[in-house]
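S.K.:
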C-alpha cells in the first residue's frame, strides 16, 4: 500500500496555508485517499486497480492546490457588512473629508440669515458633490447584492451622525448651558436640521436612488429570476 | 444524467443537507451523497474538499479532529447555526428553480 501521507505531501508541496493549516489539510486528504483505497480493497479490487482508482480522484494536483489556497483568501465579511456597513462607512468618510476640505480650502459657503432665524450655512460645492457620493454608496451596496432599501440607507448614512448629534447636543446644551437663549432653541433646531440633515440627506438620497434604479434595471434585464 | 453546471450549484445544498442529519467526515459525506442520490451526484476528493474548506471559512460547517474506532484520525464536520440558517433559503431557491424548469418542460411538451 502506498504511503498516502507522503504522496499527498509530495503532490501538494507548494501548498501554503496558515500555521498548522497545511499539515491538517495534507493529513485529511491522505486519510480520505487511504479510506477510499481500503474500501476498494475490501470489495476485492486488486491493489494496482485500487491505487489507480484512488489516484483518479485528483486529475490535476496543481488545480486542487490552487482551489484550496483560494478558499483561504475568500472574503469572509458578513452580507450585512458588505451590503450596508462597508458602503455606509465609505460614503461617510468621503463626504466628511470633502466637507473638511471645502471648509479649509473653499469655495466660500453660502450664508443665509433669514429674519428671526439663526444663520444657516450651505457649503454649496459639498452639496453639489453629495449625489455622486450617494450614488457611490448605492453602487457598493448593489455590488454586494443589497436590496434597494439597504442601498438607500447606506447612501444617506452620512447625515445620520449629524441628525443624532443635533438631537442630542441641542437638548443637552439647553439643559446645562445657561448662556443659550431658550427662545432661539426651536429655530436653531429647525435651521440645523435643514442645513445639516435635510439638504445633504436629499442630495445623497437623490444620487443613491438614481443609481439604485439604474443598477436594478440593468441587472433585471441581464438576469433571470425565479418565483 | 445531471450536467456538471447544475451539479456544481447543487453541491453546497447536498453537503448542507447531509450534515443536517448528522456530523460526518469527508469520505463519509462523499459516500452518503453518492448513495442517497443513487450515483447521480458523485464527489471526488478534488471536488469535495475545496468546497468543504470554503463552507468552513464561511462559517457554515465546522470540522474537528476525532479518533475513529480503528484508531484512524479523521476530521468530522458538523453543521453550524449559520449553516442551518443557510440551508432553508437554499432549499427554497432550488425548489423554485426546479418547479420553474418543470413548468418550462411541460410547456415545451404541450
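Protein chains in written order, with the working numbering: chain A, 45 to 271; chain B, 2 to 111.
All C-beta atoms, glycine included, are put in the ideal place defined by N, C-alpha and C.
1) Got a sec, what are the start and stop residues for the alpha helix (DSSP H) residue 181 (chain A) sits in?
2) Roughly how many angstroms separate the alpha carbons of residue 81 (chain B) and residue 62 (chain B), rounded to a whole number?
3) Check this for me: beta carbons of residue 66 (chain A) and residue 58 (chain B), under 8 Å apart or not?
4) Give me the subset of the segment 74-85 of chain A whose CB atoms are less than 7 Å from a CB atom of chain E, sorted by chain position.
5) Could you compute how far the alpha carbon of residue 254 (chain A) sits from the alpha carbon of residue 211 (chain A)?
6) If you check the beta carbons only, do residue 46 (chain B) and residue 77 (chain A) fall under 8 Å apart?
7) Could you give the first and the last residue of the continuous alpha helix (DSSP H) run that contains residue 105 (chain A)?
8) Could you name the residues of chain B that residue 103 (chain A) contacts, counting a contact when the two beta carbons are closer than 9 Å?
9) Could you compute how far the alpha carbon of residue 112 (chain A) sits from the alpha carbon of residue 43 (chain B)?
10) Taking the straight line between their C-alpha atoms, what separation do you get for residue 183 (chain A) and residue 123 (chain A)?
11) What does DSSP give as the partner residue(s) for residue 84 (chain B) in the beta ladder?
12) Can you give me the Cβ contacts of residue 250 (chain A) inside the same chain, cut-off strictly under 8 Å, excluding the 5 residues immediately before and after it?
13) If I follow the unbroken alpha helix (DSSP H) through residue 48 (chain A), where does it start and stop?
14) Can you look up residue 23 (chain B) in the DSSP assignment and give me helix, strand or coil?
15) From residue 13 (chain B) to residue 91 (chain B), what distance separates their C-alpha atoms?
16) By a C-beta neighbour count over all protein chains shown, 10 Å radius and 16 as the cutoff for buried, is residue 97 (chain B) buried or exposed?
17) Would you say residue 74 (chain A) and residue 48 (chain A) are within 8 Å of each other, going by their C-beta atoms?
18) In the DSSP assignment, find the unbroken alpha helix (DSSP H) run with residue 72 (chain B) in it and report its ends.
19) Can you name, in chain order, every residue of its own chain whose Cβ lies under 7 Å from the Cβ of residue 58 (chain A), other than the five neighbours on each side?
20) Return the Cβ separation of residue 203 (chain A) and residue 239 (chain A) in integer angstroms, given the expectation that the two are a contact with Cβ distance under 8 Å.
21) Is residue 271 (chain A) buried or exposed, if buried means 16 or more other CB atoms sit within 10 Å of its CB?
M.R.: In short, the structure shows the following:
1) Run containing residue 181 (chain A): 168-187, per the alpha helix (DSSP H) assignment.
2) 5 Å
3) no
4) Among the chains of the structure shown, chain E does not appear; the protein chains present are A and B.
5) 29 Å
6) yes
7) 105-117
8) 45 and 47
9) 19 Å
10) 15 Å
11) Per DSSP, residue 84 (chain B) has no beta-bridge partner at all.
12) 175 and 178
13) For residue 48 (chain A), the enclosing alpha helix (DSSP H) stretches over residues 48-55.
14) coil
15) 9 Å
16) exposed
17) yes
18) From DSSP, residue 72 (chain B) is part of no alpha helix (DSSP H); its letter is neither H nor E.
19) 109
20) Contact flag wrong, Cβ pair sits at about 11 Å.
21) Because residue 271 (chain A) sits at a pLDDT of 37, beneath the cut-off of 50, its placement in the model cannot be relied upon, and the following sentence gives the value as read from the coordinates. Flag for residue 271 (chain A) reads exposed.
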